[in-house]
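Just below is one structure, and these are the notes that go with it.
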Amino acid sequence: MAELRRASQASEDSQTAADFIREQLHLEAEAREALPYQFDTCTRPLGAIRQSLFSCLTCNPPPPDSSAPYTAAGVCYSCSISCHGEHTLVELFGKRNFVCDCGTSRLPETAPCQLQINSKTGLKGGVTGEEPAQGNRYNQNFRNRFCGCGEEYDPNQEKGTMFQCLGLGYAEDGGCGEDWWHPECIIGMSREDYKRYVEEEKARKTEISPKKETENVKRESNTEPTGEQSRDQAVTDEPRAAIEEEEDDDTPLPPGFPDEDDFDHFLCYKCVERHPWIKRYAGAPGFLPPVFHRPSTGSPADLGPSSAPSEPTSVDSKKRKAEDDAPEETSPSLLSATPAVKRQKSVHPSTTLPPVPESSDIPCRCDVLPPAPSAPLSLFLKADFRTHICHCPSCFPLLKPHPQLLEEEETYEPPVSEDGDATNGSASIGTGSIYDRGEAAFSSMDRVRAMQGAMAYAHLKDSLKAFLQPFAESKTAVGAEDIKAYFEKLRGDEQGIREAKGGAEAGRKGDGEGGGGEGDNRREQSGY
Numbered sequence: 000m001a002e003l004r005r006a007s008q009a010s011e012d013s014q015t016a017a018d019f020i021r022e023q024l025h026l027e028a029e030a031r032e033a034l035p036y037q038f039d040t041c042t043r044p045l046g047a048i049r050q051s052l053f054s055c056l057t058c059n060p061p062p063p064d065s066s067a068p069y070t071a072a073g074v075c076y077s078c079s080i081s082c083h084g085e086h087t088l089v090e091l092f093g094k095r096n097f098v099c100d101c102g103t104s105r106l107p108e109t110a111p112c113q114l115q116i117n118s119k120t121g122l123k124g125g126v127t128g129e130e131p132a133q134g135n136r137y138n139q140n141f142r143n144r145f146c147g148c149g150e151e152y153d154p155n156q157e158k159g160t161m162f163q164c165l166g167l168g169y170a171e172d173g174g175c176g177e178d179w180w181h182p183e184c185i186i187g188m189s190r191e192d193y194k195r196y197v198e199e200e201k202a203r204k205t206e207i208s209p210k211k212e213t214e215n216v217k218r219e220s221n222t223e224p225t226g227e228q229s230r231d232q233a234v235t236d237e238p239r240a241a242i243e244e245e246e247d248d249d250t251p252l253p254p255g256f257p258d259e260d261d262f263d264h265f266l267c268y269k270c271v272e273r274h275p276w277i278k279r280y281a282g283a284p285g286f287l288p289p290v291f292h293r294p295s296t297g298s299p300a301d302l303g304p305s306s307a308p309s310e311p312t313s314v315d316s317k318k319r320k321a322e323d324d325a326p327e328e329t330s331p332s333l334l335s336a337t338p339a340v341k342r343q344k345s346v347h348p349s350t351t352l353p354p355v356p357e358s359s360d361i362p363c364r365c366d367v368l369p370p371a372p373s374a375p376l377s378l379f380l381k382a383d384f385r386t387h388i389c390h391c392p393s394c395f396p397l398l399k400p401h402p403q404l405l406e407e408e409e410t411y412e413p414p415v416s417e418d419g420d421a422t423n424g425s426a427s428i429g430t431g432s433i434y435d436r437g438e439a440a441f442s443s444m445d446r447v448r449a450m451q452g453a454m455a456y457a458h459l460k461d462s463l464k465a466f467l468q469p470f471a472e473s474k475t476a477v478g479a480e481d482i483k484a485y486f487e488k489l490r491g492d493e494q495g496i497r498e499a500k501g502g503a504e505a506g507r508k509g510d511g512e513g514g515g516g517e518g519d520n521r522r523e524q525s526g527y
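All residue numbers for the sequence shown refer to the working numbering, where the first residue is 0 and numbers rise by one.
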């Protein structure tokens, strides 16, 4: 009986090689889906580019006081995995004109860059203390603080969609530096008022739902459906119920905020105030009517219209209509799996930077636009807004410092990680399966190191075969504890290996009583 119990326990704690390989392949597939790009090359040699950045809070923990001095640093996608994979990171998404800070003096020497070439050794890794790029610009996002409210971002608590400003100014210049904004903060509603508004909207929907159900019951009671109709109705009701349940979980946009499908980019009131000449485009072709920043002091109902009284009649009517229809027509938004939702690129982006106009005969489109409002406002831009911006000799100098207003920006993305192919040598270290990565590393070694690696592998294979032979002869499963004990002994000398093999064989030949004697003296070690 004791032997049967031991065999049963061993089978529960063990798995076949096929099961193990299948599980590993499944985990590797999930990893490739979560991390689709290769992460074996740092972007620092590429210079200043627009790229996805991460801030490491483990290496550079921000002080509790948001106004206290702080040495910010941003690392590229590859370094966030290869050099800071076990750290607490904040995903900042795209930032323009930025050089990766990994391996520079902005990060501690305890976290060297493992992807750059060390100038002292000539080898990859161990890079610290490099001079950081002088052109890098930092804002509060690197402290894990976002929006005009300056709150810390908590993906477990945050609900709704945040929008990234196109950015016409840096934080030190009065702009926002491509910050991410809550929709309620854009219009001036406090976060507390917005939470109350959301609760009121949910309560209103809850009150409407029972009335609809009662009306449906009365309507159905007047007509007796046939059996076939009942089955069809049950099938069609299931997706409708799922849709209604999903809609109930959505977070509505605040009143007066544009529908997400109506704009492609947005400029916050900070950047607009920093460059007030762009205010005149509010309500013009390619631009939505202005959304004014009017800080609220009471309930959401006290927010009032988001357009200023001095606006022209045509713009006022558009804003009033948007506000009046907002509770019904504004599509709700969901917080995505990523910390925030990025806007989609324009369907027809410009591919070349327009030349500087030389002729003075080009009419200025701004002459037909209404005067710029004086109140702080945010602008919401349609996908084709660039084709409507004036490029006359007077206006073009205002656009030239902001190439994002002239052409669609491209954010650098590392090469997509593909399944390694050891037969053609296309596998790269850091991508593909574990087997493919080993093959790629082996093929890239010099002859001496490759021979040493092959000899070490052969020695391990022979040792492992000697250890597994007793299990094969007795037709018993290899338990997890057996493997753990074997590798514990493997860290010692050859005598320890023989003891591990002999102990495993003796345990199989015993009668089960005291079979775990050696196991009682085993010490757990980390890493398994």
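Idealized CB from N, CA, C, for every residue including glycine.
Check	Outcome
In this structure, does DSSP put valine 89 in helix, strand or coil?	strand
Consult DSSP for lysine 94 and reduce its assignment to one of helix, strand or coil.	strand
Are the CB atoms of serine 416 and arginine 95 nearer to each other than 7 Å?	no
Give me the Cα-Cα distance between proline 375 and histidine 401, rounded to the nearest whole angstrom.	21 Å
Alanine 307 to histidine 292, Cα distance in whole Å?	With a pLDDT of only 43 at alanine 307, under the threshold of 50, the placement of this residue in the model should not be trusted; the figure read from the coordinates follows. Distance between the alpha carbons of alanine 307 and histidine 292: 10 Å.
Spatial neighbours of phenylalanine 19 within its chain, please: C-beta separation below 7 Å, excluding the five flanking residues on both sides.	none
Per DSSP, what kind of secondary structure is cysteine 164 in: helix, strand or coil?	coil
Is it right to say valine 447 is buried, meaning 16 or more other beta carbons lie within 10 angstroms of its own, or is it exposed?	exposed
Between Pro44, Trp180, Tyr76, which lies nearest to leucine 34 when the distance is taken from Cα to Cα?	Tyr76
Tell me, to the nearest whole angstrom, how far the beta carbon of glutamine 50 is from that of tyrosine 411; I am working on the premise that it is less than 8 Å.	4 Å
Quick one, are the C-beta atoms of glycine 166 and glutamate 129 less than 7 Å apart?	no
Going by DSSP in three states, leucine 287 sits in which element: helix, strand or coil?	coil
Three-state secondary structure (DSSP) at histidine 387?	helix
Let me know if asparagine 140 comes out buried or exposed under the rule of 16 or more other beta-carbons within 10 Å of its beta-carbon.	buried
In this structure, how does DSSP classify alanine 17 when only helix, strand and coil are distinguished?	helix
What residue range is occupied by the uninterrupted beta strand (DSSP E) comprising phenylalanine 265?	264-266
Rounded to whole angstroms, what's the CA-CA distance from lysine 123 to phenylalanine 92? Just pull it up for me.	27 Å
Three-state secondary structure (DSSP) at leucine 45?	helix
Among Pro284, Asp261, Arg279, Glu198, whose alpha-carbon lies nearest the alpha-carbon of lysine 249?	Correcting the residue identity first, residue 249 is aspartate in this sequence and not lysine. The residue with the shortest Cα to Cα distance from aspartate 249 is Glu198.
Just to confirm, are cysteine 295 and glycine 149 a CB contact at a threshold of 7 Å?	The sequence given here places serine at residue 295; cysteine does not occur at that position. Cβ distance not < 7 Å, so serine 295 and glycine 149 don't count as in contact.
For arginine 144, which residues does DSSP report across the bridge?	Glu151
What distance in whole Å lies between the Cβ atoms of serine 81 and glutamine 113, which are believed to be in contact at a cut-off of 8 Å?	5 Å
Within the same chain, show all residues whose beta-carbon is closer than 8 Å to that of alanine 17, passing over the 5 residues directly before and after it, in chain order.	none
So, helix, strand or coil for serine 306, using DSSP?	Per-residue confidence for serine 306 stands at a pLDDT of 47, beneath the threshold of 50, marking its modelled position as unreliable; no derived number is given.
On the DSSP bridge assignment, give the partners of leucine 24 in chain order.	None; leucine 24 has no bridge partner.
Who are valine 415's beta bridge partners in DSSP?	Tyr36
Are there three or more Cβ pairs, one per stretch, closer than 8 Å when the region 261-281 is compared with the region 152-161?	no
Thinking just about the alpha-carbon of each residue, which of Pro182, Leu287, Glu90 is nearest to the one in tyrosine 152?	Glu90
DSSP puts leucine 380 in a beta bridge; with which residues?	His264, Phe286
Look up glutamine 50 in the DSSP assignment and give the residues it is bridged to.	Lys94, Tyr411
From which residue to which residue does the alpha helix (DSSP H) around proline 182 run?	182-186
Return the Cβ separation of arginine 142 and glycine 176 in integer angstroms, given the expectation that the two are a contact with Cβ distance under 8 Å.	Not confirmed; about 12 Å, so no contact.
Name the residue from Pro369, His25, Glu487, Phe379 whose alpha carbon lies nearest to the alpha carbon of aspartate 260.	Phe379
Answer yes or no: do glycine 282 and phenylalanine 384 have a C-beta to C-beta separation smaller than 7 Å?	no
Apart from the five residues just before and just after proline 62, which ones in its own chain have a Cβ nearer than 7 Å to its Cβ?	Tyr69
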